[in-house]
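Be aware that the sequence shown starts at 0, since it is given in numbering that gives the first Met the number 0, and climbs by one per residue. Notes follow once the structure below has been shown.
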Amino acid sequence: MPQTKQRNSSVDSLMRLQTEMIACSRCPRLVAWREQVAAEKVRRFAGDDYWGKPVPSFGDPRARLLVVGLAPAAHGGNRTGRIFTGDRSGDWLYRALHRAGFANQPTSVHRRDGLKLRDCYITAVIHCAPPGNKPLREEIENCRPFLISEIELLSRLRVVVALGRLAFDATIALIGLEQPARGNNAARARKPNFAHGCEAQLRGGSTLIASFHPSQQNTFTGKLTEPMLDRVFDRAREIVRG
Ligand code: SF4
0 MPQTKQRNSS VDSLMRLQTE MIACSRCPRL VAWREQVAAE KVRRFAGDDY WGKPVPSFGD
60 PRARLLVVGL APAAHGGNRT GRIFTGDRSG DWLYRALHRA GFANQPTSVH RRDGLKLRDC
120 YITAVIHCAP PGNKPLREEI ENCRPFLISE IELLSRLRVV VALGRLAFDA TIALIGLEQP
180 ARGNNAARAR KPNFAHGCEA QLRGGSTLIA SFHPSQQNTF TGKLTEPMLD RVFDRAREIV
240 RG
């Protein structure tokens, strides 16, 4: 297939995938929770119309950088309908992406605020807000086909930034690690321990970079600082531009 046609077909497929995602009701517990939260709301957002559906991925379909988060927040993405939008984690993430040149503005407030990602696509291990931010194993399994399809369709992928241990483990489980060449006596590639800034080579040649999740638990305690997050996205940019 000529390159332009192939590119257009990947963009169309990613858009179809997002439409499919928004209509998904594979996880009964999450369907009930996302709708309950949307109906009950919290006082500070009482006047908002909550999204209350699966939160689709967001970004540039020709991205070379993929950011993988865990799940939408109950009053963040589940309210605004855009991933990492409407909560403090998102404030940290989009500011860092803007500083690194992957976003045209440092804020993400709602779906029509003009934000555009450049060369970056954001997804999550699961696309519905889970109670207590803790998805069940079967819910991760249910949502896995979306992530598999996205990785297949992002044909220019060079770097994956995993936000948090769960996203890091899920990415390795999904893509696998690059194995040493045959004839080389080295043992099979071993999964690295999760640590902020650690890297691994994924099957197919892209690089995985681990980052602490920009959750309030990490940012309020100083476990993750803005310079630490900047180092991750500066490194991602360096690889992308390689
Ligand atoms: S978490 Fe994923 S698989 Fe489960 S209902 Fe939401 S979109 Fe569907």
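Think of the CB as a built atom: it goes at the ideal place given N, C-alpha and C, for glycine as much as any other residue. Since this is a predicted model, take the numbers as computed values, not measurements.
From the DSSP output, in three-state form, read off residue i for me.
i, result
"residue 232", "helix"
"residue 198", "strand"
"residue 247", "Because residue 247 is not part of the residues shown, which for the chain are 0 to 241, the question remains open."
"residue 245", "Within the shown structure, residues of the chain are numbered from 0 to 241, placing residue 245 beyond reach of any answer."
"residue 12", "helix"
"residue 206", "strand"
"residue 84", "coil"
"residue 223", "coil"
"residue 241", "coil"
"residue 46", "coil"
Look at residue i and residue j and say whether their C-beta atoms are less than 9 Å apart.
i, j, result
"residue 228", "residue 92", "yes"
"residue 152", "residue 101", "no"
"residue 200", "residue 188", "yes"
"residue 126", "residue 197", "no"
"residue 121", "residue 203", "no"
"residue 214", "residue 88", "yes"
"residue 110", "residue 80", "yes"
"residue 212", "residue 166", "yes"
"residue 245", "residue 136", "The structure shown does not extend to residue 245, since the chain spans only 0 to 241, so no value can be given for it."
Using only CA atoms, which one of the options lies nearest to residue i?
i, options, result
"residue 123", "46, 71, 7 and 178", "71"
"residue 27", "191, 172 and 128", "128"
"residue 117", "198, 57 and 133", "57"
"residue 54", "46, 61 and 75", "75"
"residue 96", "235, 133 and 164", "235"
"residue 37", "170, 218, 114 and 130", "130"
"residue 319", "179, 158, 139 and 156", "A query on residue 319 cannot be resolved here, the shown segment of the chain reaching from 0 to 241 and no further."
Neighbouring residues (CB closer than 7 Å to any heavy atom of the ligand SF4)
Working through the chain, the matches are 20, 23, 24, 25, 26, 29, 30, 53, 125, 126, 127, 138, 141, 142 and 145.
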